[in-house]
Amino acid sequence: MFSAFIPLICVSISVSVVGAENDNKRLLTAEDFFALKQVGSPRISPEGDWIAYTVRETDLEEDSSETRLWMVSTDGEKLLAMTAVGTSASAPQWSPDGQSLSFLSSRNDGETQVWALNREGGEAVQITDVEQGVDGFQWSPDSKRLVLLITDPDPAESDEADEADDDKPKPWVIDRLQFKRDNVGYLNSLRTHLYVQDMASGAVTQITSGDFDDAQPAWSPDSKLIAFVSNRTENPDANSNSDIWVVSADSPDQGQTLLQITTNPGADSAPAWSPDGQSLTYVTVTEPDLIWYATNHLAMAPASGGPARVLTNGLDRNVSSPKFSADGNSIYFGLEDSGERHLANIDISGENLTRPIAGQRSVRGFSMNADGLIATLIAEAHHPSEVFFLEDDVLRQLTHSNKPLLDAVQLAEVENVQFESQDGTEIEGFIFKPADFNPAFKYPTLLRIHGGPVSQYDFSFNFDAQLFAANGYVVVMVNPRGSSGYGQEFSMGIYQNWGGKDFEDVMAGVDYAIAQGYADPERLGVGGWSYGGILTNYVITKTDRFKGAVSGASEVLYRSNYGHDHYQLQWEKELGLPWENAEAWERISPFNDVANITTPTLIMGGEEDWNVPILNSEQLYQALKRLGRTTQLVVYPGEHHGIRKPSFQLDRYQRYLHWYGEYVKLDQSSLD
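Heads up, the sequence shown stops at 1391 in the working numbering, and the numbers go up one at a time, no gaps.
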């Protein structure tokens, strides 16, 4: 009934070979995850001498984590901790005059506010005092004002309401089409708007209003105007049509007088001004009906309004975070391409695409000062993200935050491979090989599937795969149809047909590894989280080749999710209304084939996950238990789609290893 497809064409490229340098190193453990320092948010100073960035560290014993601010000099000689232990901070920004480093923090158990550190030294000073807190901020180029993102105050939390009936719980009263969101909960009618704070007087003035959310503010070079993103259609919950707008920083009417820059029916976002203030660049989606499968393009429009131009129509790759060059003649942006993430540049004419940072690496973000100096975050297959500096086309690594751990552990060899799927489509993947790998030996092999579905495995550090390899597994990671990075047609390969071509592609990856001789076809495991768990469910309903499976935060019965997850709009676009097009919803539901499952399956999820609700995991578990199959359900209390509590993260890793160990490796006992 189940047959293997052996790919006809096999091509591989070794990313790195691990050799004698691993002598005397130990193997990676689950606990090492909490020794990793997560580096982020690189921000170059106005004069270009320093880069501020964040470092997130975890204390497993305290079961908590915190983010601190650091600075590194661009010559790589100096490294300074800017915030103290116990004072978590985020979103670092330099004031344009270079006098202070500002950030968001909720110190003393208060609401999140903007704080600032003087470059000359001293303690951080709180510079906003908003009762309900601040969601985001941006400095004006003249350093005289801040634009703040502030959510409307909740009348239910007013002093009068507290005095009236503080101890009485209140019902949720809901009248929105989109009424819930993971990590937020039920959505109320409170909206987020723009405010401007004068730094000299401290006065705060609201400059936008209405039954809309405003986001991503960007100041014009002369500090007079602010571009921002907002969906101001009649019912923003019913579409994804966000546009770029411009408002005066001195708006006297709370934004009743606005200039609409874009009229594209899809989502426009991430606005950035040209140095002369005459143009805006931004990211645009021109085919909104294709929802998450649509390609993000780079566009440009006059700042005074007028026809927009898409600059990357012929690129067929997703772009992000555009910024004008110092001379305004070109635009830098992030570019996702075939398992890699690059820093790209294109002329404002739409010609001469270059990639200042390319190759087998993952550029995770960048900032640029007025002189065109660039701070960026880069990860590679054997190195977590670190801060790099790009000057005159010379790229230099400035931080080595994880060097102590990397020097102590032996990492897996990572091989980048290409192979043909069942219909001849070329598919890309990555294979992680165990320590002291011997190609003549047959290893237990895990197929691990990424989330999304529109995302990709790339040349970045993957702790999960490294951990499995350290425990003796070959790990196969495939970018199947539906993934990003390979063009819109490739992403659309699963449209209305989840569990079709994507299933064929991941199985071709497994068969590729088996054909190389080192993957044991009798000891196969499969698993993933989110879409990775969803495709796992399709896999185990379609084949009995896998000895163990882990289905994390997955979906099984799509119609039952309608109104329960937060993707109502996207599902309607792809599948139609469930009461009008029930067949489409049922066709892609692996629950309807649950009786085919014989693979021992560990099912996991967060109790409060409203992205892919735990309802799905419960349904799958109930069915398998009723059928008498080997299964277990693990629910993490209070957790959402991503498991955040360190003790739960460790528990999840331990359960992965024990489940695969018992049913795939056949050499470990189960975990109670």
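Cβ atoms here follow ideal geometry from the backbone N, Cα and C, with glycine treated the same way.
(request) Confirm, please, whether the CB-CB distance from Asp-1263 to Thr-1318 is below 8 Å. (result) yes
(message) Quick check on the burial criterion: 16 or more other C-beta atoms within 10 angstroms. Buried or exposed for Val-1113?
(response) exposed
(request) Using 10 angstroms around the beta-carbon of Val-892, count the other beta-carbons present and answer buried if the total reaches 16, otherwise exposed. (result) exposed
(request) Go to Gly-1228, then tell me how far its beta strand (DSSP E) extends in each direction, as first and last residue. (result) Premise fails: Gly-1228 lies in the alpha helix (DSSP H), 1220-1234, not in any beta strand (DSSP E).
(request) Determine the DSSP secondary structure at Leu-865, reduced to helix, strand or coil. (result) strand
(request) Check the C-beta distance from Tyr-1355 over to Gln-1207 and give it rounded, since I have them as a contact under 8 Å. (result) Tyr-1355 to Gln-1207, Cβ: 36 Å. No contact.
(message) Considering only their Cβ atoms, is the gap separating Leu-1117 from Ala-754 smaller than 8 Å?
(response) no
(request) Could you tell me which of Glu-1059, Leu-906, Arg-775 sits nearest to Asp-932, measuring between CA atoms? (result) Leu-906
(request) Indicate whether Ser-998 and Ser-942 have their beta-carbon atoms separated by less than 8 Å. (result) no
(request) Return the CA-CA distance between Thr-773 and Val-1038, expressed in angstroms with no decimal places. (result) 24 Å
(request) Specify the secondary structure class of Thr-1260 as computed by DSSP and reduced to three states. (result) helix
(request) Would you mind sorting Ile-1008 into buried or exposed? The rule is 16 or more other CB atoms within 10 Å of its CB. (result) The identity of residue 1008 in the sequence shown is Asp, whereas the question assumes Ile. Counting Cβ neighbours within 10 Å, Asp-1008 comes out exposed, since fewer than 16 surround it.
(request) Would you identify the three-state DSSP class for Phe-1138, choosing helix, strand or coil? (result) strand
(message) With the cut-off set at 8 Å, would you say Ser-784 and Pro-1365 are in Cβ contact?
(response) yes
(message) Among Thr-1005, Trp-938, Ser-1023, whose alpha-carbon lies nearest the alpha-carbon of Ser-961?
(response) Thr-1005
(message) Could you compute how far the alpha carbon of Ile-1146 sits from the alpha carbon of Tyr-1176?
(response) 12 Å
(message) Pop quiz: Val-1269 and Ser-1308 are said to be a contact at Cβ under 8 Å. What is the actual Cβ separation, rounded to whole angstroms?
(response) That belief does not hold up - the Cβ atoms of Val-1269 and Ser-1308 are roughly 20 Å apart, past 8 Å.
(request) Report the three-state DSSP secondary structure of Tyr-1379 (helix, strand or coil). (result) helix
(message) For the pair the region 1240-1256 and the region 1156-1172, tell me if three or more CB-CB distances fall below 8 Å.
(response) yes
(request) Could you name the residues of the same chain whose beta carbon sits closer than 7 Å to that of Met-720, not counting the 5 residues immediately before and after it, in chain order? (result) Note that Met-720 scores 40 on pLDDT, short of 50, meaning its location in the model is unreliable; the coordinates nonetheless yield the value given after this. If we look at Met-720 and ignore the five residues flanking it on each side, it has no Cβ neighbours.
(request) Apply the 10 Å Cβ neighbour rule to Gly-738 and answer buried if 16 or more other Cβ atoms are within range, or exposed otherwise. (result) Residue confidence for Gly-738 is low, a pLDDT of 44 falling below 50, so the modelled location carries little weight; the figure read from the coordinates is stated next. Under this definition Gly-738 is an exposed residue.
(message) Let me make sure I understand the geometry here. Which of Ser-764, Gly-1236, Gln-897, Gly-767 has the alpha-carbon closest to that of Ala-957?
(response) Gln-897
(message) Here's the rule: buried if 16 or more other CB atoms are within 10 angstroms of the residue's CB, otherwise exposed. What is Gly-841?
(response) exposed
(request) Please state if the CB of Ala-1131 and the CB of Pro-1153 are separated by a distance shorter than 8 Å. (result) yes
(request) Mind checking which residues open and close the beta strand (DSSP E) that includes Arg-1429? (result) Residue 1429 cannot be examined here, being either before or after the span of the chain that is shown, 720 to 1391.
(message) Quick check for students: name the residue ranges of the beta strand (DSSP E) that lie wholly in the region 950-1014, counting only runs of 3 or more.
(response) 962-967, 987-992, 998-1004
(request) Please state whether DSSP places Val-833 in a helix, a strand or coil. (result) strand
(message) Once DSSP output is grouped into helix, strand and coil, what is the label at Lys-1266?
(response) coil
(request) Using 10 angstroms around the beta-carbon of Lys-756, count the other beta-carbons present and answer buried if the total reaches 16, otherwise exposed. (result) buried
(message) If you follow the alpha helix (DSSP H) that Trp-769 is in, where does it begin and where does it stop?
(response) It is not in any alpha helix (DSSP H) - Trp-769 instead sits in the beta strand (DSSP E) that spans 769-778.
(request) Helix, strand or coil for Leu-1186, going by three-state DSSP, please let me know. (result) helix
(request) Quick one: residues in its chain with C-beta nearer than 6 Å to the C-beta of Leu-1072, no 5 flanking neighbours on either side, listed in chain order? (result) Ile-1065
(request) Output the distance between the C-alpha atoms of Leu-799 and Asp-778, rounded to the nearest integer angstrom. (result) 21 Å
(request) Measuring alpha carbon to alpha carbon, tell me which of Val-1331, Lys-1384, Val-915 ends up nearest Gly-855. (result) Val-915
(request) Mind checking who Met-1087 pairs with in its DSSP beta bridge? (result) Ile-1093
(message) Let me make sure I understand the geometry here. Which of Gln-1341, Ser-993, Ser-792, Val-1029 has the alpha-carbon closest to that of Ser-707?
(response) Residue 707 lies beyond the range of the chain shown here (720 to 1391); nothing can be said about it.
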